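K.L.:
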Amino acid sequence: MKLSDILDKDSIVADLQSKDKKCVLEELAKAVSTRTETSTQDIVKILLEREQLGSTGIGGGIAIPHGKLANINSIVVGFGLSREGIEFDSLDNRPVHIFFLLIIPANSTGVHLSVLAYISRLLKQSHFKESLLKAESIEELEQIINSIDEEF
Numbered sequence: 006m007k008l009s010d011i012l013d014k015d016s017i018v019a020d021l022q023s024k025d026k027k028c029v030l031e032e033l034a035k036a037v038s039t040r041t042e043t044s045t046q047d048i049v050k051i052l053l054e055r056e057q058l059g060s061t062g063i064g065g066g067i068a069i070p071h072g073k074l075a076n077i078n079s080i081v082v083g084f085g086l087s088r089e090g091i092e093f094d095s096l097d098n099r100p101v102h103i104f105f106l107l108i109i110p111a112n113s114t115g116v117h118l119s120v121l122a123y124i125s126r127l128l129k130q131s132h133f134k135e136s137l138l139k140a141e142s143i144e145e146l147e148q149i150i151n152s153i154d155e156e157f
C-alpha cells in the first residue's frame, strides 16, 4: 500500500495555524471529516481518547495521531505541517512540525500498524523529512509524498 493511495489532497494542511495539541487535532480532523462522514468533534474525541493513553508525538518533530471509527471501511490519512511547531507532549519534549493523522476502521486488525510502520520508515529518511519541512504548498507536499512512494 502506498501512502499516496490513502492520502487525499483535500486532507493536507500545508500551514497549520493551531498553537496547541487540541486545536491541531481539530484542524486535522476537519481536513479529513468529509472523507469519514463523521463530525470534526467526534473525530477529535477519539483522537484525544487515544492521546490519554500516551502521546502520539514520537519525537524528532513528528506526531502520528490516530484513532478508530466504527462507520468507515478503509483507513483515512491526513497530513499537516506546522511552521512554528506545536507542543504535543512528544517523547523528546520538543515541538512537532510534521503530523500524519490516521483514522482506522474499528474492525481493523492490523492494517493501521503496517501504515504506522510505513510512515515511520519514511520519516526516518532525513531528505524526506527535510523536504516536507521546506514545502510551501499543498501541491508541493503532495508531490514530495508521491515521489517518496515511488522510491519505496
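Here the sequence shown is numbered in the numbering used here, starting from 6 and rising by one per residue. The beta-carbon is built from N, C-alpha and C at its ideal position, and this holds for glycine as well. In this text, all values refer to a predicted model and were calculated from it rather than measured experimentally.
Rank V81, V120, L138 by C-alpha distance to the C-alpha of S38 and give the top, closest one.
P.N.:
Cα-wise, what sits closest to S38 is V81.
K.L.:
If contact is defined by three or more beta carbon pairs under 8 angstroms, each pair taking one atom from either stretch, is the region 35-52 in contact with the region 88-100?
P.N.:
no
K.L.:
Below 6 angstroms CB to CB, which residues in the same chain sit around K1 once its five sequence neighbours on both sides are set aside?
P.N.:
Within the shown structure, residues of the chain are numbered from 6 to 157, placing residue 1 beyond reach of any answer.
K.L.:
Assign D94 to one of three DSSP states: helix, strand, or coil.
P.N.:
coil
K.L.:
Among residues of its own chain, excluding the 5 on either side of K73, which ones have a beta-carbon nearer than 6 angstroms to its beta-carbon?
P.N.:
Scanning its chain for C-beta atoms nearer than 6 angstroms, with the 5 sequence neighbours on each side dropped, one finds around K73 the residues I109, A111, in chain order.
K.L.:
Residue range of the beta strand (DSSP E) that S125 falls in?
P.N.:
First-last for S125: 116-128, but that is the alpha helix (DSSP H), not the beta strand (DSSP E).
K.L.:
Apply the 10 Å Cβ neighbour rule to I153 and answer buried if 16 or more other Cβ atoms are within range, or exposed otherwise.
P.N.:
Taking all protein chains in view, the Cβ of I153 is crowded by 16 or more other Cβ atoms within 10 Å, so the residue is classified as buried.
K.L.:
How many whole angstroms separate the CB atoms of D97 and G59, which I take to be in contact at a CB cut-off of 8 angstroms?
P.N.:
14 angstroms between Cβ atoms; not a contact.
K.L.:
Going by Cα to Cα distance, which pick from V120, L86, S119 is closest to S23?
P.N.:
L86
K.L.:
What residue from A140, V29, N78, S9 has the CA that sits closest to T41's CA?
P.N.:
N78
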